[in-house]
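In my numbering, the protein residues as written are 476 to 634.
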């Protein structure tokens with residue numbers, strides 16, 4: 476992980492800890508740029524900011540007691556290259572980008588606690604704003620940083 480991606484943090488939260496076990500899981504996600512004087516631009520693909528994040532295997536739900544992974548729908552998506560400007564998001568210096576993610580219903584036990592976290596890889600992160608990323612940089616992923624991310628873990632209890 477390089478310095479640019481190491482300054483990004485992912486935080487998740489649950490909308491409620493008393494949802495029905497058969498309901499979709501509502502998560503709030505915040506991605507923070509911890510660099511005090513530098514905006515960053517990241518490719519949303521396969522991150523919590525991806526519009527399909529709920530089915531890409533980014534989010535893990537585990538039984539709190541046993542640590543057993545709860546099976547969920549995971550889809551592999553083919554993407555048209557190169558990415559477009561719409562596939563990028565800018566996070567200002569010391570700024571946060573927030574979104575809501577709804578995980579598909581899973582086989583959860585009533586009254587059980589679950590641990591939810593997000594893990595993945597930043598596929599491309601550039602120093603500067605969206606307008607600073609050139610078409611050539613986007614096409615070749617040049618000048619982009621790569622790195623892994625891992626969020627906090629939240630506990631959820633389902634009734």
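Positions of the beta carbon are idealized from the N, C-alpha and C atoms, including for glycine.
Residues that residue i bridges to, as DSSP identifies them
{"i": "residue 550", "result": "BP columns for residue 550 are empty, so no partner."}
{"i": "residue 540", "result": "Looking at the DSSP assignment, residue 540 forms no beta bridge with any residue, so it has no partner."}
{"i": "residue 590", "result": "537, 630"}
{"i": "residue 607", "result": "DSSP output for residue 607 lists no bridge partner at all."}
{"i": "residue 600", "result": "517, 620"}
{"i": "residue 486", "result": "505"}
{"i": "residue 583", "result": "In DSSP, residue 583 forms no bridge with anything."}
First and last residue of the uninterrupted alpha helix (DSSP H) at residue i
{"i": "residue 612", "result": "610–615"}
{"i": "residue 479", "result": "478–481"}
Anticipated Cβ contact below 8 Å, residue i with residue j, distance rounded
{"i": "residue 527", "j": "residue 552", "result": "6 Å"}
{"i": "residue 593", "j": "residue 500", "result": "At roughly 12 Å, the Cβ-Cβ gap does not stay under 8 Å, so residue 593 and residue 500 are not in contact."}
{"i": "residue 508", "j": "residue 544", "result": "Residue 508 to residue 544, Cβ: 30 Å. No contact."}
{"i": "residue 480", "j": "residue 597", "result": "5 Å"}
{"i": "residue 502", "j": "residue 486", "result": "Going by Cβ atoms, the distance from residue 502 to residue 486 rounds to 10 Å, so no, they are not a contact pair."}
Buried or exposed (CB count within 10 angstroms, at least 16 for buried), residue i
{"i": "residue 634", "result": "exposed"}
{"i": "residue 625", "result": "exposed"}
{"i": "residue 630", "result": "exposed"}
{"i": "residue 516", "result": "buried"}
{"i": "residue 617", "result": "exposed"}
{"i": "residue 523", "result": "buried"}
{"i": "residue 571", "result": "exposed"}
{"i": "residue 568", "result": "exposed"}
{"i": "residue 599", "result": "buried"}
{"i": "residue 583", "result": "buried"}
{"i": "residue 541", "result": "exposed"}
{"i": "residue 619", "result": "buried"}
CB of residue i within 7 Å of CB of residue j, strictly
{"i": "residue 573", "j": "residue 505", "result": "yes"}
{"i": "residue 577", "j": "residue 529", "result": "yes"}
{"i": "residue 518", "j": "residue 562", "result": "yes"}
{"i": "residue 590", "j": "residue 559", "result": "no"}
{"i": "residue 575", "j": "residue 539", "result": "no"}
{"i": "residue 613", "j": "residue 546", "result": "no"}
Run of the beta strand (DSSP E) containing residue i, from where it starts to where it stops
{"i": "residue 508", "result": "500–508"}
{"i": "residue 574", "result": "571–578"}
{"i": "residue 531", "result": "That residue, residue 531, is in no beta strand (DSSP E); it is neither H nor E in DSSP."}
{"i": "residue 545", "result": "First-last for residue 545: undefined, no H or E at that position."}
{"i": "residue 563", "result": "563–566"}
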